[in-house]
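See structure below.
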Amino acid sequence: LLQSMPRAEVEAVMAHEMMHVKHRDILIGSVAAAIATAISYIAQMAMFASMFGGRSDDDERGNPIAVLLMAILAPVAASLIQMAVSRSREFEADRGAAELLGTGDNLASALGRIEALAARRPMMVAPAQAQAYIHNPLAEARGRSGANMARLFSTHPSTEERIARLRSYSPARSAQ
Numbered sequence: 002l003l004q005s006m007p008r009a010e011v012e013a014v015m016a017h018e019m020m021h022v023k024h025r026d027i028l029i030g031s032v033a034a035a036i037a038t039a040i041s042y043i044a045q046m047a048m049f050a051s052m053f054g055g056r057s058d059d060d061e062r063g064n065p066i067a068v069l070l071m072a073i074l075a076p077v078a079a080s081l082i083q084m085a086v087s088r089s090r091e092f093e094a095d096r097g098a099a100e101l102l103g104t105g106d107n108l109a110s111a112l113g114r115i116e117a118l119a120a121r122r123p124m125m126v127a128p129a130q131a132q133a134y135i136h137n138p139l140a141e142a143r144g145r146s147g148a149n150m151a152r153l154f155s156t157h158p159s160t161e162e163r164i165a166r167l168r169s170y171s172p173a174r175s176a177q
């Protein structure tokens, strides 16, 4: 990958990654993941408490359908929030890199190049590892079916959207 990219694009990718460090995105992502996990565990405990008791009087039992819905929907909602945080951090790292370098064009070009290379050589990536990549490695595997729903659970914004935003950060376009 490094050999296929001009130096300016490599610098832009490094600036993007350094923005993740500067903005403590690992910490933010870890906190979001911990909160999502806690919500999931609490929902599971509520479901099991509802199923197996915990109260002596059957008349005082909660609504089992409501508990079941909470057990299903709470972890999904927590995951959606966690993924939204991850996507927003990617946009912030892109913006910070563009500000640091004075242009978003080099990172936009690098993202386009990485996406094209990934399309030629698809990778086997576990969904849990997707956030470790600068682009979304699961996008090509997903195809167009369910793309809108899958976008909600994606750790990265679409490459097209990132490139469009990065191009808008370029000084020549900002002055217009």
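Quick note: the sequence shown uses this note's numbering, first residue 2, plus one each step.
Think of the CB as a built atom: it goes at the ideal place given N, C-alpha and C, for glycine as much as any other residue.
Please read these numbers as outputs of a predicted model, since none were measured by experiment.
- In the structure shown, the three-state DSSP call for Phe154 is coil.
- Of the candidates Ala33, Pro7 and Gly105, the residue whose Cα lies closest to the Cα of Thr156 is Ala33.
- Taking Leu101 as reference, the option from Phe154, His21, Met6 and Ser5 with the minimal CA-CA separation is His21.
- Ranking Ala13, Ser80 and Met15 by CA distance to the CA of Phe154 puts Ser80 first.
- Assignment of Arg25 by DSSP, reduced to helix, strand and coil, places it in the coil class.
- In this structure, the CA atom of Ala119 is about 12 Å from the CA atom of Ala111.
- If you draw a straight line from the Cα of Pro7 to the Cα of Val86, it comes to about 31 Å.
- Closest by C-alpha distance to Leu108, out of Asp95, Ile27 and Glu116, is Asp95.
- DSSP places Pro65 in the uninterrupted alpha helix (DSSP H) bounded by Pro65 to Leu102.
- Nearest to Ile73 by alpha-carbon distance, out of Arg122, Arg163, Met84 and Tyr42, is Tyr42.
- Residue range Thr160 to Ser169 is occupied by the alpha helix (DSSP H) that includes Ser169.
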